[in-house]
Amino acid sequence: MNDCLFCKIVEKEIPAKIVYEDERVVAFRDINPQAPTHILIIPRKHIPTTMDIGEVDKELVGQMHLIAAGLAREEGLEDRGFRLVLNCNKDAGQEVFHLHLHLLGGRRFSWPPG
Ligand code: 5GP
Ligand code: ZN
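The sequence shown begins at -3 in our numbering and counts up by one.
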């Protein structure tokens, strides 16, 4: 997917503050952070939205959550808490169509979300 911004970050064609990477997942700091900690956890594989997650991706999506928990611990958010967000399509305000899990922490969040 040549046109995808996050594929370009995976390929290191665009710089990002990468905080974690392995053979299947990359995590980097959001360019426009909405909280003191704002990290995006993405699969290397181009999956546009939650609706495109397939049976074969079940382990990958689980791994993304485990990595989010590990990063939350590293950021000192384990006890105070944090929020994981996965926006899908228009009503949720998805802007980048390459699956990404937001890890947000370091401040209080309201509920219901805006
Ligand atoms: P979405 O609204 O699609 O769930 O979130 C997209 C996120 O990607 C936004 O929080 C936005 O700030 C972030 N973002 C967009 N472009 C870039 C970029 O070039 N680099 C990084 N690190 N984050 C980006
Ligand atoms: Zn992509």
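The beta-carbon is built from N, C-alpha and C at its ideal position, and this holds for glycine as well. On a predicted model such as this, the values are computed, not experimentally measured, just so you know.
Bridge pairing for L62: absent [DSSP]. Using a cutoff of 6 Å, the CB of C84 does not count as near the ligand ZN, since none of the ligand's heavy atoms is closer than that. Residue range 21 to 25 is occupied by the beta strand (DSSP E) that includes F24. Excluding its 5 nearest sequence neighbours in each direction, R40 has C-beta neighbours in its own chain below 8 Å: V6, E19, R20, V21, V22, listed in chain order. Secondary structure at V92: coil, using DSSP grouped into helix, strand and coil. Per DSSP, reduced to three states, the secondary structure at R103 is coil, with no helix or strand assignment. DSSP, read as helix, strand or coil, puts L67 in helix. Distances taken from the Cβ of H61 to the heavy atoms of the ligand ZN include none shorter than 6 Å.
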